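All remarks here apply to the structure that follows.
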Amino acid sequence: MKKTIVIVSLLLLAAGFAFADGWIGVGTGADIKWIKNADSPVDITTTEIDYYLGASGAHYFGDSAGLGYSVSMLYPLMEKVGESDFHDIKNPDIIVKTSLSFQFKHDFSRSVSLEAGAGAYYAYSSQEVNSNHQIGIEGNVGLSFGVLDHLALKLGAKVLVPVCTIKSTTVLGVTEEFSVSEYGVGVIPYLGVAYSY
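No gaps in the numbering here: position 153 of the sequence shown is 153 in the numbering used here, and each next residue is one more.
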């Protein structure tokens, strides 16, 4: 799975240089998500806060439309169930997430741009005999501030909505998969730096 993510990321990166202009960068922030399990007999919201670290980029076909992508890691820190207090997550599963989106930008000036996009994401986590796969919709909006000829600061937020979650458990070499009906939203405010070309 990790090899596939790396290969797809490198192909997107290589293909991107054929476009007119774009950027490649890194960012960090927090992922705050509110999730409910529709299969649960009790209507309880789980709130989780994760540390976010990611690499992303966008390559534009012309002045305003293009393709965006990201590869990131989410490290769960705290959660609370219902009205309970937040508590630390012990032995968290590190989540690897990739996304692909259609991007649009509007230049307010030579150094300030508004960027927004919409697309899909895939998230994967695994620990011992359990693994989780999730596909969802992702939107993003942010501002880009050019500070040098090829250096920009990025400030923005991503919004994630899960569509399909599949969990699997392997016991004695036998893997059992089952779908989980989850719904909710995640918000990732982020700050980053990027190389613009």
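From the three backbone atoms N, C-alpha and C, an ideal C-beta is built for every residue, glycine too.
Since we're looking at a predicted model, the values are computed, not measured.
**OP:** Measure the C-alpha to C-alpha separation of S101 and L143 and round it to an integer number of angstroms.
**Re:** 17 Å
Original post:
By DSSP, does S82 sit in helix, in strand, or in coil?
Top reply: It should be noted that the sequence gives Gly, not Ser, for residue 82. G82: coil per DSSP, three-state reduction.
**OP:** Given a cut-off of 8 Å, decide if Q103 and G68 are closer than it, judged by their beta-carbon atoms.
**Re:** Contact: yes.
Original post:
Cβ of E176 within 8 Å of Cβ of T169?
Top reply: yes
Original post:
Leaving out the 5 sequence neighbours to the left and right, which residues in its chain are closer than 6 Å to S56 when beta-carbon positions are compared?
Top reply: S70
Original post:
How is K33 classed by DSSP in three states: helix, strand or coil?
Top reply: strand
Original post:
beta strand (DSSP E) containing H150: first to last residue?
Top reply: From DSSP, H150 is part of no beta strand (DSSP E); its letter is neither H nor E.
Original post:
In the structure shown, what three-state DSSP assignment does Y195 receive?
Top reply: Three-state DSSP puts Y195 in a strand.
Original post:
What span of residues does the beta strand (DSSP E) with D50 cover, start to end?
Top reply: 45–60
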